[in-house]
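When we follow this note's numbering, the leftmost residue of the sequence shown carries the number 254, and every step to the right adds one. Have a look at the structure below, then the notes.
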Amino acid sequence: MITKEDVEHIGWLARIEINEQETVEYMEKLNSVLEYFGQLDELPTEDIDPTYHVAEVYNVFREDAVEECLPQETVLANTENKQDGAFRVPKIG
């Protein structure tokens, strides 16, 4: 079961602000989805072959090829957030 604390944590991870009313709404919606998955888990599927794709789709691979890439200066030219030749991003934690 999803709790209010779970919804608040998900909001924090997604970096979105969720008020008290939205927290309750999302908690109810997420629990409804999980309840539906619980119903699906109860379906008898022992005699049904697994299906991975609705259509017959197979992996299509290409040969790996080394290609020329953009110079580092060009890649970093449009950002002020760079450090030691790489993009500088905020710490997640």
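C-beta: ideal position from N, C-alpha, C; glycine also.
Checking the DSSP bridge columns, you'll see residue 290 has no partner listed. Residue environment analysis places residue 254 among the exposed positions, since fewer than 16 neighbouring C-beta atoms fall within 10 angstroms of its C-beta. Between residue 276 and residue 261, the C-beta gap is smaller than 8 Å, which places the two residues in contact. Taking C-beta separations shorter than 8 Å and ignoring five residues to either side along the sequence, the partners of residue 325 in its chain run 338, following chain order. Straight-line spacing of the CA atoms in residue 295 and residue 271 works out to 33 Å. The alpha-carbon of residue 258 is positioned some 37 Å away from that of residue 307.
For residue 296, no alpha helix (DSSP H) run applies, since DSSP gives it neither H nor E.
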